[in-house]
Amino acid sequence: MHERLSFFVKRDSALHHLNPLTKIVLALSIILVSIFSPWYWTSHGLLLVVIVPLVFIGKVANEYFTSALRLILPAAGFIFFMQAFFQPIGQTVIFNFWFLDITQESLLFAFRIATRITVMISAFTLFLLTTHPSELMSDLTRRGLPPQFAYVIISTLQILPQMQAKAQTIIAAQRSRGLDTESTFFKRIGSVVPLVSPLVFGSLVEVEERAIAIEARGFTSKKAKTSLYEISDRSSDKFIRWGLVILVIISIVLKLWLS
Amino acid sequence: MAFINLNNVTYKYPLTKTPALQNINLQVNEGEFVAIVGPNGAGKSTLCYTLAGFVPHFFKGEISGTVEVAGMDSSKSTLDEWVLNVGLAFQNPFNQISGAKYTVFEEIAFGLENTGVPRNEMKPRVEEAMKLTDISNLADRSPYSLSGGQQQRVALTSILVMRPKLLVLDEPTSQMDPIGTREVFGVIRKMAEGGMTVVMVEHKMEWIANFADRVVALKDGQVLMEGKPNEVLTSELLAENGFGVSRYTSTTREAKKQGLWKKENLPVTLDEAVEGFKK
Ligand SMILES: Nc1ncnc2c1ncn2[C@@H]1O[C@H](COP(=O)(O)OP(=O)(O)OP(=O)(O)O)[C@@H](O)[C@H]1O
Ligand SMILES: [Mg+2]
Numbered sequence: 279m280h281e282r283l284s285f286f287v288k289r290d291s292a293l294h295h296l297n298p299l300t301k302i303v304l305a306l307s308i309i310l311v312s313i314f315s316p317w318y319w320t321s322h323g324l325l326l327v328v329i330v331p332l333v334f335i336g337k338v339a340n341e342y343f344t345s346a347l348r349l350i351l352p353a354a355g356f357i358f359f360m361q362a363f364f365q366p367i368g369q370t371v372i373f374n375f376w377f378l379d380i381t382q383e384s385l386l387f388a389f390r391i392a393t394r395i396t397v398m399i400s401a402f403t404l405f406l407l408t409t410h411p412s413e414l415m416s417d418l419t420r421r422g423l424p425p426q427f428a429y430v431i432i433s434t435l436q437i438l439p440q441m442q443a444k445a446q447t448i449i450a451a452q453r454s455r456g457l458d459t460e461s462t463f464f465k466r467i468g469s470v471v472p473l474v475s476p477l478v479f480g481s482l483v484e485v486e487e488r489a490i491a492i493e494a495r496g497f498t499s500k501k502a503k504t505s506l507y508e509i510s511d512r513s514s515d516k517f518i519r520w521g522l523v524i525l526v527i528i529s530i531v532l533k534l535w536l537s
Numbered sequence: 307m308a309f310i311n312l313n314n315v316t317y318k319y320p321l322t323k324t325p326a327l328q329n330i331n332l333q334v335n336e337g338e339f340v341a342i343v344g345p346n347g348a349g350k351s352t353l354c355y356t357l358a359g360f361v362p363h364f365f366k367g368e369i370s371g372t373v374e375v376a377g378m379d380s381s382k383s384t385l386d387e388w389v390l391n392v393g394l395a396f397q398n399p400f401n402q403i404s405g406a407k408y409t410v411f412e413e414i415a416f417g418l419e420n421t422g423v424p425r426n427e428m429k430p431r432v433e434e435a436m437k438l439t440d441i442s443n444l445a446d447r448s449p450y451s452l453s454g455g456q457q458q459r460v461a462l463t464s465i466l467v468m469r470p471k472l473l474v475l476d477e478p479t480s481q482m483d484p485i486g487t488r489e490v491f492g493v494i495r496k497m498a499e500g501g502m503t504v505v506m507v508e509h510k511m512e513w514i515a516n517f518a519d520r521v522v523a524l525k526d527g528q529v530l531m532e533g534k535p536n537e538v539l540t541s542e543l544l545a546e547n548g549f550g551v552s553r554y555t556s557t558t559r560e561a562k563k564q565g566l567w568k569k570e571n572l573p574v575t576l577d578e579a580v581e582g583f584k585k
């Protein structure tokens, strides 16, 4: 089945070697600066001067542009059309479609919003592509995030696709016993019922077994946990993080000051 | 004193009327390999949970009698201490995957991380354990992408790597092919020879006869019989009580009635059967 359950791609790059927290801060800073910056060209600039070079530095260009085509462009395109059609601003009508006027202003506005969305999703994608989930969790746990909390997040991310696959198996099994899952809407709602109990009760037993299994491996042991990976947190990481925080503060101050 | 010492243990799950274990007495020495057999609902898994400390520390319910393992007394020690001495692997491998790790290597290291093993010891220990169970080639795979038998090996390795004094295995080979089963039995035998005590629930009679030191037959929460593998697995008592029997045993039992089997003891394995018919 799914061989790759996370976005992470293993590469040897400067970005991969950054501390996970630094990469979270980087992604958040890009997003915040693009929201707060008072100048409309900031988002375009971030995309061309920051994100694209980072994609190449992180050696994840292939994966990034694939997800850009499949995920980011459609999302940004959708936002663009919604804004272009339904943003009631400006006088310079470029063309007219039924009762909707497309103005130059609304078009420009839509373009900016779409770019901003692209920047946000890209920053997050870049973070996911270059950060090992286990390393992220170990690092956050080390910084004081409760391990139970980390476990819930990461196991949910992994187990959801498994639940989905199991639902498919149960549907197939019920269908082979004559269950109707393909006709009218109401019949289909009714036919979800037999799916629920094996999935939920099955899951409860599984939860118990899984609890035993991780307990048997010392999950709630009172000993101080160690980590398989050495997670580097160099002074350059701290420097980058503080630099980014300062940049965000500057853009917020500028926004307040100029508006 | 024996390494495992169960004295008159009776246990009821919460909200149930009949005890899942009744007056169990069991002594096992260090380094012994004991197999548990019994029909469905006999209490085999419950016995495993008891030896691993999950009864009564996880399941609650009522327990009486004494449970002592590796010098610990279950009424006095916590599950936390228990887990450091006793490893438990059970039947369904899918539910034993922690869900917190992305590769088999990380999955196996999970128990070491939790119990605070230093990083420089961790890697060699994981590698050694994977070599032992012959899964080194799976190190970088996602645990979820493996077959049932492979997942069972990962589950076993994840416990072995923690170097428990007692290894409790509840049908650890149920999804393995004959080759996998033989390898796993070989590994477990080797661990027992190295001084690890092993208690294993298993239905594959021929394998038990080949590898275990002693067999305990459970039924309705009670010990029906215990003794040397061949003695227990070929006894009339087991056959009468609906236990699974090796096909070589049932065949030669018929043969004996017809006077074709001359020896006193019935065989459990193919080799024993062939040997017996030759004479
Ligand atoms: N969590 C539980 N709560 C209540 N009763 C339980 C629980 N688990 C098992 N039992 C009951 O305890 C008895 C012994 O069950 P156990 O699972 O130990 O049997 P088993 O020998 O392992 O059977 P199998 O061969 O099916 O694995 C059964 O009657 C069962 O219904
Ligand atoms: Mg069982």
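If you're matching them up, the sequences are chains A and B in order. Here the first sequence is numbered in my numbering, starting from 279 and rising by one per residue. Here the second sequence is numbered in my numbering, starting from 307 and rising by one per residue. Ideal placement from N, C-alpha and C gives every residue a C-beta, glycine not left out.
How about residue i: is its Cβ closer than 8 Å to a heavy atom in ligand 1?
i	result
F365 of chain B	yes
P320 of chain B	yes
T352 of chain B	yes
E477 of chain B	yes
N547 of chain B	no
G349 of chain B	yes
L248 of chain B	Past the edges of chain B, shown from 307 to 585, lies residue 248 of chain B, and the structure says nothing about it.
A451 of chain A	no
G344 of chain B	yes
Quick one: list the residues of chain A neighbouring residue i, beta-carbon separation under 7 Å, in chain order.
i	result
G417 of chain B	R495 and G496
L394 of chain B	A494
Q402 of chain B	A491
By alpha-carbon positions, which one of the options ends up nearest to residue i?
i	options	result
V522 of chain B	B:V392, B:A515 and B:M531	B:M531
I514 of chain A	A:F285, A:A292 and A:K288	For the sequence presented, residue 514 of chain A should be read as Ser rather than Ile. Ranking the options by Cα distance to S514 of chain A, first place goes to A:A292.
L299 of chain A	A:L522, A:L536 and A:V526	A:L522
E487 of chain A	B:L444, B:W388 and B:A395	B:A395
T344 of chain A	A:S321, A:T403, A:F373 and A:L304	A:T403
L325 of chain A	A:I308, A:I335, A:A339 and A:P316	A:I308
T479 of chain B	B:M468, B:L472, B:R469 and B:G492	B:G492
L539 of chain B	B:Q402, B:A341, B:V432 and B:K584	B:A341
E412 of chain B	B:N329, B:E433 and B:P535	B:E433
L525 of chain A	A:L332, A:V311 and A:T396	A:V311
T439 of chain B	B:L466, B:S453, B:M428 and B:L390	B:L466
M497 of chain B	B:E581, B:M307, B:K323 and B:E336	B:E336
G422 of chain B	A:I302, A:M415 and A:F497	A:F497
V389 of chain B	B:H509, B:R559, B:L472 and B:K437	B:L472
Y355 of chain B	B:M511, B:V505 and B:S451	B:V505
Is residue i near ligand 4 - that is, is its Cβ less than 8 Å away from at least one heavy atom of it?
i	result
T396 of chain A	Ligands in the displayed structure: ligand 1 and ligand 2; ligand 4 is not one of them.
Which bits of chain B does residue i rub up against, with CB to CB less than 9 Å?
i	result
A502 of chain A	G422
Y429 of chain A	S404, G405 and A406
Consider the C-beta atom of residue i and the heavy atoms of ligand 2; say whether any pair is separated by less than 8 Å.
i	result
V460 of chain B	no
Q528 of chain B	no
V474 of chain B	no
Q481 of chain B	no
V523 of chain A	no
Q397 of chain B	yes
V361 of chain B	no
V338 of chain A	no
V507 of chain B	yes
Strictly below 7 Å CB to CB, what residues from chain B border residue i?
i	result
S307 of chain A	Near S307 of chain A there are no residues of chain B at all, since even the closest Cβ is about 27 Å away, more than 7 Å.
E341 of chain A	Within 7 Å Cβ-Cβ: nothing; E341 of chain A doesn't reach chain B, min ~16 Å.
Along chain B, which residues have their Cβ under 8 Å away from the Cβ of residue i?
i	result
I518 of chain A	Result: empty, since nearest Cβ-Cβ is about 25 Å, beyond 8 Å.
I432 of chain A	G405 and A406
R420 of chain A	The premise fails here: R420 of chain A is roughly 11 Å from chain B at the closest Cβ pair, so nothing lies under 8 Å.
E487 of chain A	F396, N398, N401 and Q402
E383 of chain A	What E383 of chain A touches in chain B: nothing, since even the nearest Cβ is about 48 Å away.
Which residues in chain A sit within 9 Å of residue i, going by Cβ to Cβ distance?
i	result
R425 of chain B	T504, S505, L506, Y507 and E508
E412 of chain B	S412, L506 and Y507
L444 of chain B	Simply none; closest approach about 12 Å.
L327 of chain B	Per Cβ cutoff of 9 Å: no residues; L327 of chain B is ~17 Å from chain A at best.
F491 of chain B	Chain A residues near F491 of chain B: none, gap ~21 Å exceeds 9 Å.
Whose Cβ in chain A lies nearer than 8 Å to the Cβ of residue i?
i	result
F339 of chain B	Ordered by position in chain A, no residue passes the 8 Å Cβ test against F339 of chain B, which lies about 20 Å from the chain.
V389 of chain B	E493, A494, R495, G496 and S499
S464 of chain B	R495
A358 of chain B	A494
L566 of chain B	Here the premise fails: no neighbours, minimum Cβ distance about 46 Å.
Cβ contact check for the stretch 345-362 of chain A and the stretch 388-395 of chain A: 3 or more pairs under 8 Å: Contact holds: three or more Cβ-Cβ distances are below 8 Å.
Contact the stretch 374-391 of chain B vs the stretch 562-581 of chain B: 3+ CB pairs below 8 Å: Output reads no: the stretch 562-581 of chain B does not touch the stretch 374-391 of chain B.
Three or more C-beta pairs below 8 Å linking the stretch 342-352 of chain B and the stretch 544-551 of chain B: Yes: the two stretches touch, three or more of their Cβ pairs being nearer than 8 Å.
Segment contact flag, the stretch 397-409 of chain B with the stretch 357-375 of chain B, C-beta cutoff 8 Å, min 3 pairs: Using a Cβ-Cβ distance cut-off of 8 Å, the stretch 397-409 of chain B and the stretch 357-375 of chain B are not in contact, since fewer than three pairs of beta carbons, one from each stretch, lie closer than that value.
Cβ contact (3+ pairs, closer than 8 Å) linking the stretch 479-490 of chain B and the stretch 455-465 of chain B: The stretch 479-490 of chain B, when compared against the stretch 455-465 of chain B, does touch it at the 8 Å Cβ threshold.
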